Amino acid sequence: MTKRLAAWIVGASVALGNVGHAEASETFWDWFFSVKRMKEVAPVNDAAYNEECGSCHFPYQPGFLPAASWQKLLDAKALADHFGDSAELDETTRKHLLEFAVANSAEKSYYKRARKVIASLKKGDAPLRITDVPYIKDKHGKLPAQDVKDNPKVKSLSYCNKCHLKAEEATFDDDTVAIPGKGPWSW
Ligand code: HEC
Ligand code: HEC
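According to our numbering, the stretch in the sequence shown is residues 1 to 187, in order.
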């Protein structure tokens with residue numbers, strides 16, 4: 001085993017331990033070879049995050065943005081004017097959510113879509129929107145406005161779960177997509 005691979009595995013084991021999304025009976029290798037890890041993004045396993053960040057929109061998986069983005073988004077001042085809304089939190093909750101998001105951010109994740117997010121960004125880029133990440137932007141680039149912002153049942157690309165029927169389970173595969181008012185997705 002190369003040194004690099006060994007370091008990767010140790011890193012991934014630590015990440016797995018920290019994140020705690022593995023079932024008690026799941027071994028590191030079960031996780032390593034799981035379809036979810038190879039194809040998707042890590043599911044959210046934090047009740048406070050789901051509650052506080054899931055009331056106005058779907059609670060975005062932290063693996064869709066780098067740590068620096070979460071630091072900007074979850075800054076106390078920034079939350080007071082969060083895309084025109086107030087998403088203020090008490091300090092204990094804010095710090096907890098920040099810690100959770102940073103620990104599960106794209107560069108700390110070994111899930112496929114998180115790796116793609118990082119690969120598509122330039123070093124130091126910290127977009128405030130997942131929909132501004134090149135990987136995500138490209139995936140939706142060909143969708144006509146009538147399916148997205150001009151679709152009264154969607155309103156904007158930010159509402160992932162309107163079209164991604166299994167977004168809450170962290171499944172974004174294109175065979176789990178349906179455009180509201182139009183039906184299951186196909187080109
Ligand atoms: C009071 C309502 C509200 C709450 C609570 C809230 N948000 Fe938002 N959030 C918004 C609005 C509005 C937008 C912009 C949506 C749009 O452009 O259509 C947004 C957008 C976002 C985006 C960018 C989505 C994109 O377009 O890619 C992220 C990331 C985000 N919120 C994270 C969070 C996190 C993390 C929390 C929990 C601390 C949170 N939000 C809580 C209202 C809220
Ligand atoms: C208007 C409906 C709609 C919304 C809203 C939407 N998507 Fe999508 N998404 C699609 C469609 C349709 C595809 C498939 C595009 C293709 O195959 O070329 C897709 C593809 C994807 C893919 C790639 C799937 C694959 O199998 O390669 C990812 C990842 C993704 N979306 C994430 C998101 C995230 C994250 C959000 C919210 C920030 C979001 N999407 C919002 C319709 C939507």
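Here a beta-carbon is modelled for each residue, glycine too, at the ideal position from N, C-alpha and C. The model shown is predicted, which means the values in this text are computed figures rather than measured ones.
Review point. Sorry if obvious, but does the Cβ on residue 84 come closer than 7 Å to a heavy atom of ligand 1?
Key: Residue numbering aside, residue 84 sits at position 84 when the sequence shown is read from its first letter. Yes, ligand 1 has a heavy atom inside 7 Å of this Cβ.
Exercise for review: Going by CA-CA distance only, name the one from 113, 119, 80 that's closest to residue 42.
Suggested key: Here residue 42 is taken as the residue at index 42 of the sequence shown, counted from 1. The candidate whose alpha carbon is nearest that of residue 42 is 113.
Review point. Taking 7 Å as the cut-off, does the CB of residue 172 come closer than this to any heavy atom belonging to ligand 2?
Key: Taking the sequence shown and counting its residues from 1, the one referred to as residue 172 is at position 172. Checking every heavy atom of ligand 2 against the Cβ of residue 172, one is found closer than 7 Å.
**Study point:** residue 18, DSSP secondary structure in three states
**Key:** The residue given as residue 18 occupies position 18 in the sequence shown. Only weak support is given to the placement of residue 18: the predicted model assigns it a pLDDT of 49, under 50, and the value that follows is read from those uncertain coordinates. In the structure shown, residue 18 sits in a helix (DSSP, three-state: H, G or I).
Review point. Using DSSP with H/G/I as helix, E/B as strand and the rest coil, what is residue 195?
Key: Absent from the structure is residue 195, since the part of the chain shown begins at 1 and ends at 187.
Practice item. Could you tell me the distance, in whole angstroms, from the CA atom of residue 183 to the CA atom of residue 120? Key: In the sequence shown, residue 183 corresponds to position 183, counting from 1. In the sequence shown, residue 120 corresponds to position 120, counting from 1. So the two alpha carbons sit approximately 30 Å from each other.
Point to revise | Neighbourhood of residue 39 by C-beta, 6 Å cutoff - its chain only, sequence neighbours within 5 removed | key: For the purposes of this step, residue 39 is taken as the residue at position 39 of the sequence shown. Only 112 meet the Cβ criterion.
Review point. From residue 85 to residue 60, what does the alpha carbon distance come to, in whole angstroms?
Key: The sequence position of residue 85 within the sequence shown is 85, counting from 1. The sequence position of residue 60 within the sequence shown is 60, counting from 1. Going from the Cα of residue 85 to the Cα of residue 60 covers about 17 Å.
Review point. Are residue 142 and residue 153 close, meaning C-beta to C-beta below 8 Å?
Key: Taking the first residue of the sequence shown as 1, we reach residue 142 at position 142. Taking the first residue of the sequence shown as 1, we reach residue 153 at position 153. For residue 142 and residue 153, no; Cβs fall outside 8 Å.
Check your understanding: Any Cβ of chain C within less than 8 Å of the Cβ of residue 38?
Key -> Protein chains in the displayed structure number just one, and chain C is not present.
Practice item. Taking 8 Å as the threshold, find out whether the region 24–31 comes into contact with the region 96–103 through three or more Cβ pairs. Key: no
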